[in-house]
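So the protein sequences, as listed, match chains A and B. The first sequence lines up with residues 713 to 956 when you count with the numbering used here. The second sequence lines up with residues 365 to 731 when you count with the numbering used here. Have a look at the structure below, then the notes.
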Amino acid sequence: MSGLVVRDLQVVFDGFVAVGGVDLTVPSGDVRFIIGPNGAGKTTLIDAITGLARATGAVTFDEHELLGRKVHKIARLGVGRTFQNSTVFEELTVLQNLDIAAGWHRGPLTLLRRRSSVPPEVQNALETVRLTAVRDQLAGTLPHGQKQWLEIGMLLVQNAKLFLLDEPVAGMSHEERDATGELLGELSREHTVVVIEHDMDFLRRFARSVTVMHAGKVLSEGTVAQVQADPKVQEVYLGHPVEA
Amino acid sequence: MTTLQDPPVAVEASAAKAPRRFHALIGFGLAAVVLFALAPVALGDFRLGLLAKYLCLAIVAVGIGLAWGRGGMLTLGQGVFFGLGGYAMAMHLKLADAGPGELPDFMQLYGQLDALPWWWKPFANPAFALAATVLLPMLVAFLLGLLIFRRRVRGAYFAILSQALCAALAIFLIGQQGTTGGTNGLTDIQGFFGYDLNDPINRRMIYFIVAAALLAVLGVAWQLMRSRFGELLVAVRDGEERVRFLGYDPANVKLVAYVVAAGMAGLAGALFVPAVGIISPAMIGVVPSIEFVIGVAVGGRASLIGPALGAIAVAWAKTALSEKLPSAWTYFEGLLFILPVVFLPGGLASLAMYLRRRRSTSTEVTS
Ligand SMILES: Nc1ncnc2c1ncn2[C@@H]1O[C@H](COP(=O)(O)OP(=O)(O)O)[C@@H](O)[C@H]1O
Ligand SMILES: [Mg+2]
């Protein structure tokens, strides 16, 4: 099937099982939130899907097997990700960051010349992630929220079909969260989106489906309402007020 | 939410694009005037010859600026490529000096050889030798780079490996005295493609060739730095892992910069031979390789012109100081390396940039 299919995924670090047999199916067009306490293995799951962490099991995206492929080959299949701590190229401008993200398929002749105009996909992404006004600013000088948007913009121009976003709204102000939520809505029209997030309020407003992870395993899965009603989830979150 | 305090200075604000290109043209024009008009008039034959030598070092430095300043690869082993270029050129010139069918003087002197070793033979051909001065270092860098960057060797490991290669090449050359001239190197070179190097006019001509080569190399570096490749190279320097997630293999990006830098070092080595009249293991080993990098650090590794100016300045200081206080130079050189690394990571070029930025902000305030 198209979309992301994960079967019996295991990631072991020096004998410590960070992800212990996860099954996950994210159909095309879904906006899936993955929640779970710190250390549940959410980031490691994304690391395994994107080729950063060695894993066993099976991961397919649009029927392509991902496990065993190199990071850049997986990216070329349309799997894009952001990081918990934003990793934009700080000494390049917003425009340069986006232009690089748009370019892995460029030939040597294009690479050896100067960018003469702003490519249309870059222009569109600038508008989508609301960074047109700061186009020529160094990415390192952007506030945290805008860095995260720039990362999302980079996925857009990269032509990613699957967006794996690791805590994109952590540390954002209320307004920034709302704007990011709207952005996720726009993205989901043409992309499959997986978001790791802690914030329950944000999740209720923007998730279409939710997977709860705990101690390297999937604890529960379903709609927001189903997951919230699950006693297993309430148990894990005991002491963490679910009604944040 | 998107209110911005005080937009900081972008590297390439689009409005500044045209003036930047204009600035670059002015810069090249100025450099050409200094190199081709002022220096030859102001300097006597001896000083001009020294300058030719410094300009060779500056050519190496431009390549290091690209690989290290923009690409983050601390190339502490450029002596290898400088040496390959230098020896390729010197072998041809020695063969040409000896005349057709004759052995170069040092081979006759050591007296163990009746015939030219097979790997010397192609260098009798001037076209082959000239091409080899640049292509051989590039080929070696390509093969090394494939091994090194695919295996993700970087940082200090890369620097140490580079040093080890220099040491290995120098030791190899010293060990093969009969065919390489050993510690002495290839010395006493008389002619350059039919021109007598003892004639001051011809030595001036060599200076002009070196100066033109430096300008050409600066032009190549300028284009690479402003191209999309240049932006990508900086991205790889600052976030090698991140670049992978955008679908690039950073090993290839680094490889290109490394190979180009090696070609520049090879060209510099080749020009060094007629400019100085000698190439020897002492000029390509561990210490000279570190000295190449010192000039770049002093001048500002990430800028275009900084590495070249730094290399010239350090080489000049070395000549001036070691003439007067030979023992002090070593300490001074150590200081030269440490000071910019600790206090001025951007080198002298960053001072200029800082001043320009201050000036532009102060004019903004007054206007
Ligand atoms: N590279 C690593 N080496 C060893 N242990 C790791 C590594 N990465 C993550 N872990 C461990 O795996 C577990 C899951 O981590 P992570 O996936 O980052 O959790 P989450 O993102 O859900 O907070 C944690 O206990 C963490 O300490
Ligand atoms: Mg995490």
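Cβ coordinates follow ideal geometry from the N, Cα and C atoms, glycine included. Note that the structure is predicted; figures quoted are calculated from it, not measured.
Separation of residue j from residue i, as counted between CA atoms
i	j	result
P880 of chain A	P855 of chain A	13 Å
V607 of chain B	V783 of chain A	10 Å
L838 of chain A	Q860 of chain A	13 Å
I768 of chain A	E777 of chain A	The amino acid occupying residue 768 of chain A in the given sequence is Thr; Ile does not appear at that position. Cα to Cα, the separation comes out at about 12 Å.
F707 of chain B	Q858 of chain A	32 Å
G627 of chain B	S900 of chain A	49 Å
T794 of chain A	G433 of chain B	27 Å
H910 of chain A	Q722 of chain A	23 Å
L689 of chain B	L448 of chain B	32 Å
Q540 of chain B	G546 of chain B	6 Å
R568 of chain B	D552 of chain B	18 Å
T935 of chain A	M912 of chain A	13 Å
V729 of chain A	G928 of chain A	7 Å
P594 of chain B	I812 of chain A	A small fix is needed here, since residue 594 of chain B is Gly in this sequence, not Pro. Rounded to whole angstroms, G594 of chain B to I812 of chain A spans 10 Å at the Cα level.
N562 of chain B	R385 of chain B	41 Å
L915 of chain A	Q940 of chain A	11 Å
A388 of chain B	R590 of chain B	11 Å
M647 of chain B	Q527 of chain B	14 Å
R788 of chain A	S740 of chain A	18 Å
M884 of chain A	R826 of chain A	35 Å
A452 of chain B	A634 of chain B	7 Å
I758 of chain A	L716 of chain A	12 Å
R722 of chain B	A716 of chain B	10 Å
Residue i - containing beta strand (DSSP E), residue span
i	result
A664 of chain A	The question about residue 664 of chain A has no answer here: the residues shown for chain A are numbered 713 through 956.
I428 of chain B	I428 of chain B -> not in any beta strand (DSSP E); alpha helix (DSSP H) instead, spanning D409 to I428.
Q540 of chain B	Q540 of chain B -> no beta strand (DSSP E), and no H or E assigned at all.
L931 of chain A	K929 to G934
S921 of chain A	S921 to H926
D878 of chain A	L874 to D878
G732 of chain A	F728 to V738
L716 of chain A	L716 to F725
Same chain only: Cβ atoms within 7 Å of residue i, ignoring 5 sequence neighbours per side
i	result
T683 of chain B	L414
I654 of chain B	L440
V662 of chain B	G674, A677, V678, L700, P704, G711 and L712
V617 of chain B	L596, L597 and V600
Proximal residues to residue i (C-beta, below 6 Å), its chain only, five neighbours per side dropped
i	result
P481 of chain B	T543
G748 of chain A	K754, V924, M925 and H926
F725 of chain A	none
F918 of chain A	G893 and L896
V498 of chain B	G627, G630 and L631
Residue of the options minimising C-alpha distance to residue i
i	options	result
W680 of chain B	B:R567, B:I573 and B:E697	B:E697
V504 of chain B	B:G630, B:A716, B:R722 and B:Q587	B:G630
S921 of chain A	A:V723, A:L779, A:V907 and A:D878	A:V907
G555 of chain B	B:V657, B:Y695, B:H456 and B:F446	B:H456
S714 of chain B	B:L689, B:F522, B:T694 and B:R665	B:R665
A395 of chain B	B:Y718, B:I642 and B:L578	B:L578
R411 of chain B	B:D461, B:V640 and B:Y612	B:V640
A752 of chain A	A:R781, A:V930 and A:P820	A:V930
P831 of chain A	A:Q796, A:V841, A:L804 and A:V869	A:V869
A851 of chain A	A:R825, A:R826 and A:V800	A:V800
D602 of chain B	A:A765, A:S798 and A:G733	A:S798
F445 of chain B	B:L507, B:Y612, B:G583 and B:G435	B:L507
P614 of chain B	B:L494, B:L529 and B:R518	B:R518
L842 of chain A	A:E863, A:S828 and A:L823	The question names Leu, yet the displayed sequence has Arg at residue 842 of chain A. If we check each option's Cα against that of R842 of chain A, A:E863 comes out closest.
M866 of chain A	A:D890, A:N836, A:Q849 and A:A845	A:N836
Span of the alpha helix (DSSP H) around residue i
i	result
R567 of chain B	P564 to R590
R735 of chain B	What the structure shows of chain B is the stretch from 365 to 731, and residue 735 of chain B is not part of that stretch, so it cannot be assessed.
Cβ-based neighbour list, residue i, same chain, cut-off 8 Å, excluding 5 preceding and 5 following
i	result
P943 of chain A	none
Y418 of chain B	A675, I676, A679 and W680
D560 of chain B	Q554 and N566
Residues from the region 793-809 of chain A in contact with chain B, defined by Cβ distance under 7 Å: For the region 793-809 of chain A, residues whose beta-carbon sits nearer than 7 Å to a beta-carbon of chain B comprise R793, T799, F801, E802, E803, L804, T805 and Q808.
Near-chain A residues of the region 585-597 of chain B - C-beta to any C-beta below 8 Å: Look at the region 585-597 of chain B: the residues with a C-beta under 8 Å from a C-beta of chain A are Q587, L588, R590, S591, R592, F593, E595 and L596.
If contact means a Cβ-Cβ distance below 7 Å, which residues of the region 594-620 of chain B contact chain A? Those residues of the region 594-620 of chain B that come within reach of chain A (Cβ to Cβ, closer than 7 Å) are E595, L596, V598, A599, D602, G603, R606, R608, F609, L610, G611, Y612 and D613.
For the region 896-919 of chain A, which residues have a CB atom closer than 9 Å to at least one CB atom of chain B, in sequence order? Shown here is that no member of the region 896-919 of chain A has a Cβ falling below 9 Å from a Cβ of chain B.
Beta carbons nearer than 8 Å to chain B: which residues of the region 870-897 of chain A have them? Closer than 8 Å at the C-beta level to chain B, one finds these residues of the region 870-897 of chain A: Q870, S885, E887, E888 and A891.
Members of the region 817-829 of chain A near chain B, C-beta cut-off 9 Å: Correct list: H817, R818, P820, T822, L823, L824, R825, R826 and R827.
Closer than 9 Å between beta carbons: that is the criterion. Which residues of the region 768-785 of chain A meet it against chain B? Listed by position along the chain: K782, V783, H784 and K785.
Scan the region 733-766 of chain A for residues whose Cβ lies nearer than 7 Å to a Cβ of chain B and list them as they occur along the chain. Along the region 733-766 of chain A, the positions whose C-beta sits under 7 Å from a C-beta of chain B are T762, read in chain order.
Using a Cβ-Cβ cut-off of less than 9 Å, give me the residues of the region 827-847 of chain A that come near chain B, in sequence order. If the cut-off is 9 Å between Cβ atoms, the region 827-847 of chain A has R827, V830, R842, L843, A845, V846 and R847 near chain B.
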